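Structure, as structure tokens:
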Amino acid sequence: VQMKTIQLKLENIRSIFENQQAGFRNLADKHVRPIQFVVPTPENLVTSGTPFFSSKQGKKTWRQNQSNLKIEVVPDCQEKRSSGPSSSLDNGNSLDVLKNHVLNELIQTERVYVRELYTVLLGYRAEMDNPEMFDLMPPLLRNKKDILFGNMAEIYEFHNDIFLSSLENCAHAPERVGPCFLERKDDFQMYAKYCQNKPRSETIWRKYSECAFFQECQRKLKHRLRLDSYLLKPVQRITKYQLLLKELLKYSKDCEGSALLKKALDAMLDLLKSVNDSMHQIAINGYIGNLNELGKMIMQGGFSVWIGHKKGATKMKDLARFKPMQRHLFLYEKAIVFCKRRVESGEGSDRYPSYSFKHCWKMDEVGITEYVKGDNRKFEIWYGEKEEVYIVQASNVDVKMTWLKEIRNILLKQQELLTVKKRKQQDQLTERDKFQISLQQNDEKQQGAFISTEETELEHTSTVVEVCEAIASVQAEANTVWTEASQSAEISEEPAEWSSNYFYPTYDENEEENRPLMRPVSEMALLY
46 VQMKTIQLKL ENIRSIFENQ QAGFRNLADK HVRPIQFVVP TPENLVTSGT PFFSSKQGKK
106 TWRQNQSNLK IEVVPDCQEK RSSGPSSSLD NGNSLDVLKN HVLNELIQTE RVYVRELYTV
166 LLGYRAEMDN PEMFDLMPPL LRNKKDILFG NMAEIYEFHN DIFLSSLENC AHAPERVGPC
226 FLERKDDFQM YAKYCQNKPR SETIWRKYSE CAFFQECQRK LKHRLRLDSY LLKPVQRITK
286 YQLLLKELLK YSKDCEGSAL LKKALDAMLD LLKSVNDSMH QIAINGYIGN LNELGKMIMQ
346 GGFSVWIGHK KGATKMKDLA RFKPMQRHLF LYEKAIVFCK RRVESGEGSD RYPSYSFKHC
406 WKMDEVGITE YVKGDNRKFE IWYGEKEEVY IVQASNVDVK MTWLKEIRNI LLKQQELLTV
466 KKRKQQDQLT ERDKFQISLQ QNDEKQQGAF ISTEETELEH TSTVVEVCEA IASVQAEANT
526 VWTEASQSAE ISEEPAEWSS NYFYPTYDEN EEENRPLMRP VSEMALLY
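Under our numbering, read the sequence shown as residues 46 to 573, first letter to last.
Laid out in structure tokens, this is it:
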């Protein structure tokens, strides 16, 4: 990658020199012609007829002629004024040339990249399913195809079907490059999967790299490089994008689409960071649970760590520990994880580290002390009510301040979430109180209505009682009359006829059915 970067810079410098030389030629042509018209004397015409730049002359002659050009060609102030805009115009043209050069390199290298992926998939991966090649292949290698190549087929389909054509549409419109990357930034997450599988792929390659199958495939494809060099192409390509975008942005300042180009560069840098963080995360061993449940990984890095004071009993080995522990810290949205980097021997151990899990602190119970006496690179991380305190030393002050900034942001977000949660709880309580108050008011209204109905019932019953009392008085009077009648019946000669006439009207025996019925007093009172 560094060699390609240096090669790109050399090509850019070479193109700058060529553009400057072309600009000088244009200036020479522009300034030679006015001299023939302005100066009337034949001597001056003869001297002015001498060319200012000749392919036979060296650099020294060109510089001398350039100095003569400044003296002879600029006879008045008007040409001095015209030289300024022309030079700025040439600079603008040179920037456009450089920008187009970088854009052309982006498209051309994309085509080469797609072609190389196709040859690897066709010449190696597809051949692993070819029965004619089974004799050259170890039996254990036949089922390792998905591990050896990872998701290279998915990457090829994305670039061949979608991304390459999108870049080619930007050939004459550099302002479209930024949106081209931003619209498909989520698709580039497939590179994280490929990079996470890379250590397993390299393990298989180291084990079977000398088998006859790979040598025969390389001979058929006429490749000078072995398969492992082509398996590294996706990793190199994803790092190449941000280099080309940086160069393109450098020559596109204050141009159309430069803001979106800057966003595209930031997106690719974030992608590289997330891929790198994921490579470290899969190297953690011993953690019980799913690390993805801790949220997004914010940062990770190595630190020197001392155990500070603790509440409760302190072990002697903690008191006697003057040499710091080397710990690798992983900062997530919900927790901070402490690991120890394992030193392993063997090929590839320096590129793919391994970590042993030590402990994990939840961020909602973590606190920080930003300054520690004695060293401005140190800070404290403590848990709970300072039950455990770790003194952490960064490699430099910038790393320390970056970590403190991210930890502070997480703690502030948690505080805001707690505040919002408390407000929701208070709102729920107030709504519950309002609901209870409304229920009480409804109960009071119902009780008032019940009381009013009871009052009406009491009034009704009182009326009934009054009626009953009136009927009772009438009945008492009737009894009095009956008593008087019975007393007078002893004297009367026809008592039955008199009494029957008192209660019933006169009726005939044939009219018995039409006789009105006599009701008891209680029924009369109720009917009334």
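Virtual Cβ for every residue (Gly too), placed ideally from N, Cα, C.
For clarity, every value in this text was computed on a predicted model and none was experimentally measured.
Pull up the DSSP beta-bridge partners for residue i, would you.
i      : result
ALA380 : LYS407
MET428 : It should be noted that the sequence gives Tyr, not Met, for residue 428. Answer is VAL411, GLU433, bridged to TYR428.
GLN371 : SER349
GLN438 : SER349, LYS423
LYS385 : SER401
ILE645 : In the structure as shown, the chain begins at 46 and stops at 573. Residue 645 is therefore absent and cannot be evaluated.
Alpha carbons only, please: which of the options is nearest the one belonging to residue i?
i      : options                        : result
HIS404 : GLU430, PRO398, TYR435         : TYR435
ALA328 : LEU474, TYR400, ASN196         : TYR400
PHE179 : ASN145, ILE152, VAL159, CYS262 : CYS262
ASN57  : MET48, GLY302, HIS146          : HIS146
ASN149 : LEU289, VAL320, ARG282, PHE69  : LEU289
LYS431 : GLU255, GLN326, TRP406, LEU449 : TRP406
PRO35  : LYS450, PHE348, ARG156, TYR286 : Past the boundaries of the shown model lies residue 35; the chain is included only from 46 to 573, so the question cannot be answered.
PHE203 : CYS215, GLU177, TYR163, HIS217 : TYR163
TRP351 : VAL417, VAL320, ILE343, ARG387 : VAL417
LYS291 : LEU276, GLN281, LYS308, TYR275 : LYS308
GLU228 : SER246, ALA218, ILE207         : ILE207
MET324 : GLN486, ASN242, ALA216, GLN281 : ASN242
ILE343 : LEU449, ILE61, LEU277          : LEU449
GLN326 : THR284, GLU199, ILE381, GLN371 : ILE381
LYS49  : SER483, GLU415, THR284, ASP420 : THR284
Which residue marks the beginning of the beta strand (DSSP E) containing residue i, and which one marks its end?
i      : result
GLN345 : 342-352
Along the chain, where does the alpha helix (DSSP H) containing residue i start, and where does it finish?
i      : result
TYR296 : Neither: TYR296 is in no alpha helix (DSSP H) and is coded neither H nor E.
ASP273 : 272-276
PHE259 : 257-266
HIS325 : 303-326
GLN241 : 235-253
GLU202 : 197-203
ASP191 : 190-194
GLU213 : 209-213
PRO224 : 222-227
Do residue j and residue i come within 8 Å of each other at the CB atom, strictly closer than that value?
i      : j      : result
TYR397 : PRO279 : no
LEU306 : VAL222 : yes
LEU212 : CYS225 : yes
VAL159 : TYR201 : yes
PHE402 : GLY331 : yes
ASN196 : LYS230 : no
VAL320 : CYS256 : no
LEU272 : PHE258 : no
LEU193 : TRP250 : yes
GLY334 : PRO219 : no
GLU161 : TYR275 : yes
ASP322 : GLN345 : yes
* Inter-stretch contact (C-beta, 8 Å, three-pair minimum) for the region 420-427 and the region 435-452 -> Yes, they touch.
* Asked: Counting pairs of Cβ atoms below 8 Å between the region 295-312 and the region 171-184, do you hit three or more?
  -> Judged by Cβ distances under 8 Å, the region 295-312 makes no contact with the region 171-184, as fewer than three pairs qualify.
* To do: Could you tell me whether the region 454-467 touches the region 404-413, where touching means 3 or more Cβ pairs closer than 8 Å?
  => With the cut-off at 8 Å, the region 454-467 and the region 404-413 touch.
* **Given 8 Å, three or more beta-carbon pairs between the region 302-318 and the region 225-241** => Counting C-beta pairs closer than 8 Å gives three or more between the region 302-318 and the region 225-241, which meets the contact rule.
* Inter-stretch contact at 8 Å, needing at least 3 Cβ pairs: the region 157-171 / the region 248-268 -> Of all C-beta pairs linking the region 157-171 to the region 248-268, three or more are shorter than 8 Å, placing the two stretches in contact.
* Taking contact to mean at least 3 C-beta pairs separated by less than 8 Å, is the region 370-385 in contact with the region 338-345? -> Yes: the two stretches touch, three or more of their Cβ pairs being nearer than 8 Å.
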